[in-house]
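Residue numbers (the working numbering), protein chains in the order written: chain A, 171 to 447; chain B, 1439 to 1739; chain C, -19 to 162. Note that the Cβ used here is the ideal one computed from N, Cα and C, for glycine as well. Model, not experiment: these values are computed from the prediction. In what follows, a structure is listed as structure tokens, so that the remarks can point back to it.
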């Protein structure tokens, strides 16, 4: 018989590649051989294929009502510009960027771009402290000095608001196995998961913002933030380690994702903090 | 209706107010609102205490750093802002009385705020200060980084967030959403159909009614979750933890076979008519389900 | 009823780009359902999906002069939709988690309130399972398995790597499976 029979654990490890059709001939053979005699694995494969098939067959839906009027009302001829009438009741010079404002915290090499909830809300709000850059200029022209500026998100290029390439650590280049990529920083956590892919870029950018803004921020607050970031990072390491031992666990993937999200939220809060002076 | 506005002079001369002034410039002013509206405050450091009062006046008293105060009033809204501007750091200590029902919005940096007895909506956001809200009606939102958040006696939905400070939410009738990183979250006396509490390291404790169609979700990484539930609770529980212990006064059955392939512990079970949904998920935190009422000695099967 | 007529579209696109609201309304009617479906599935809520759909068309109106016709209008407006949903999610990063469970996504399946779905081995239908996915995973799942985008396209639209998209899709499918087979 075949002396290198695959185990379920091994099969789990290359499951993703199998579904993507990325296994080489021999590996695929071994995988299929294992699956053909393993109820657990063949059940898993069958279930996932089922899910994919059902997903592809979901029909188009229609809204409960005609939405045109709402749209028409918002595409009136008059150009609404930032700095126009304020909405009643809003804080006139609140320095905390409220939901309806656009804030770019610019540093020498990194910009963090936090945009508002919806275009209409943003347009209706005014922040005298926020100046608008040239319309349609695209985010590449964001102010180079520290300050606050406004720019339109560009749906033709969502990748990076600075127009720069996404940091190297998250793009390990060809040959990186999906889901298991070695971080260029050589940190103690070699396993990069889906959650890292999802949050990694933003975390990196936000951390750069925190680093560059540290002088401007209240030291006590910075201390609290850093202490709590350490706590979160410990939690991340624990979740990561557990996930490594059980890569197919949706629960653990979720736990990791939860704590990474907390990290992003905390960093985001810091990025939007007002400066001390 | 005419708007009356009398600003105390701020010529810089020392004025003694009704109490010792922490900052150089005294403030004592009142504005009459035509109709229930909003009072917004923005201060950098110090403290703001807002109370509800009868009548239609907004009365502001206290002290601010020199030259920092700006005051805007309209028929239904008042905006007070004390901002750092090079000369002053935006410090203020203000006591404000507003008409009952007024919506209060406060922003601070290293400022604490209390809003008591106003019976209106409240939104407070600060960084290194504490927030206390009591006796509010409508939406309450309170956020801080290193201070604590204490909210009690609210009829309306509550959102409370702290990073390291504790969050205490007491006697709220409405949806509840509490979040922290390391601060403890304690929810008591809740009457809610929708509760969500999430922490990384902080302990979560909940006691309140469980509405038949309610959804209750508690998530932590390492913090302990403690739920104290009425004996006659009817709910479907989904408890899941990677390495925490699960302890329950109610009978818990490990769902057979479902976790043979995974290393976490999952418990799905139903109590009573099982209509409410309760989710408790941790990584390493313990989960404790307690039978709330000690009067009920009925044994479950 | 949907009719995608590229020739029709381009005439209306040209007119709409120069301010013709009637032409834009025709474009709206042609593409409404697909846009709505995409938004609703990605965000998990019909109500929010309707709001986002309106945002999409408003944004499309603003950006129409920039549309250079290198792709079909339907492709372009889909990208606008994805951008709007993703931007909404990122910025509602804190707010979105306030929705304890997403509102039920109904339409083609019986309404299933995600919060009250029993997990006793009753089979949940796929749309209920989808609505329980975490937002990032749900979006990738919708874009790939429901809408049929390729990983490279998803990577470009979402600002992640193709590998990241594959990993997220894999996770989403496993989560769906867990939800459906418990």
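Asked	Found
Taking the beta carbon of residue 191/A as the centre, do at least 16 other beta carbons fall within 10 Å, making it buried, or is it exposed?	exposed
In the structure shown, what three-state DSSP assignment does residue 1720/B receive?	strand
Which same chain residues end up closer than 6 Å to residue 1592/B when comparing Cβ atoms and leaving out the 5 residues on each side of it in sequence?	1574, 1578, 1610
Can you tell me whether residue 230/A is buried or exposed, with buried defined as 16 or more other CB within 10 angstroms of its CB?	exposed
Based on the DSSP secondary-structure assignment, which residues constitute the bridge partners of residue 1666/B?	1645/B, 1728/B
Could you work out which residue in 401/A, 425/A, 381/A is closest to residue 392/A when comparing CA atoms only?	381/A
Can you give me the start and stop residues for the alpha helix (DSSP H) that residue 115/C sits inside?	115 to 121
Taking residue 27/C as the reference, which of 215/A, 233/A, 212/A has the closest Cα?	233/A
Give a yes or no on whether 8 Å exceeds the smallest Cβ distance from residue 108/C to chain A.	no
Within 8 Å, do at least three Cβ pairs link the segment 1710 to 1729 of chain B to the segment 1668 to 1682 of chain B?	yes
Residue 4/C lies in the alpha helix (DSSP H); which residues open and close that run?	1 to 23
By a C-beta neighbour count over all protein chains shown, 10 Å radius and 16 as the cutoff for buried, is residue -1/C buried or exposed?	exposed
I need the straight-line Cα distance from residue 207/A to residue 178/A, nearest angstrom please.	11 Å
Quick check: what's the CA-CA separation for residue 1682/B versus residue 419/A?	17 Å
Using the beta-carbon count (16 or more within 10 Å), is residue 1527/B buried or exposed?	buried
Starting from the Cα of residue 440/A, find the closest Cα among 1523/B, 1564/B, 1647/B and give me that residue.	1564/B
Buried or exposed, going by whether 16 or more other CB atoms sit within 10 Å of the CB of residue 209/A?	exposed
Assuming the contact rule is C-beta atoms closer than 8 Å, residue 1643/B and residue 1664/B should be a hit. Round their C-beta distance to whole Å, please.	5 Å
Are there three or more Cβ pairs, one per stretch, closer than 8 Å when the segment 42 to 54 of chain C is compared with the segment 143 to 153 of chain C?	no
Specify the secondary structure class of residue 1687/B as computed by DSSP and reduced to three states.	coil
At a CB-CB cut-off below 7 Å, which residues of chain B make contact with residue 432/A?	1619, 1638
Between residue 1696/B and chain A, is any beta-carbon pair separated by less than 8 Å?	Confidence at residue 1696/B is low in this model, with a pLDDT of 46, below 50, so the placement of that residue should be treated as unreliable; the coordinate-derived value is given next. False, the Cβ-Cβ gap to chain A never drops below 8 Å.
Compare the C-beta of residue 147/C with all C-beta atoms of chain A and state if any pair is closer than 8 Å.	yes
To the nearest whole angstrom, what separates the beta carbons of residue 1556/B and residue 1490/B, a pair I think is in contact under 8 Å?	4 Å
Under 8 Å, Cβ to Cβ, is there at least one residue of chain A near residue 1657/B?	yes
For residue 1540/B, which three-state DSSP category applies?	coil
Report the start-end ranges of each alpha helix (DSSP H) in the segment 188 to 252 of chain A that is 4 residues or longer and not cut off at the edges.	195 to 206, 209 to 226, 238 to 244
Quick check on residue 1678/B - is its C-beta less than 8 Å from some C-beta in chain A?	yes
My guess is that residue 387/A and residue 1619/B are in contact by the Cβ rule of under 8 Å, so how many angstroms apart are they, rounded?	In fact, because the Cβ distance is near 17 Å, the residues do not count as touching under 8 Å.
Taking the straight line between their C-alpha atoms, what separation do you get for residue 123/C and residue 16/C?	14 Å
Counting only beta-carbon atoms, is residue 222/A nearer than 8 Å to chain C?	yes
Return the first residue and the last residue of the alpha helix (DSSP H) that residue 106/C is part of.	106 to 111
By DSSP, does residue 185/A sit in helix, in strand, or in coil?	helix
I think residue 157/C touches residue 221/A, with their Cβ atoms under 8 Å apart; what is that distance to the nearest whole Å?	6 Å
Quick one: list the residues of chain C neighbouring residue 244/A, beta-carbon separation under 7 Å, in chain order.	38
Got a sec: which bits of the segment 227 to 241 of chain A sit with their beta carbon under 8 Å from any beta carbon on chain C, in order along the chain?	228, 229, 230, 231, 232, 233, 234, 235, 237, 238, 240, 241
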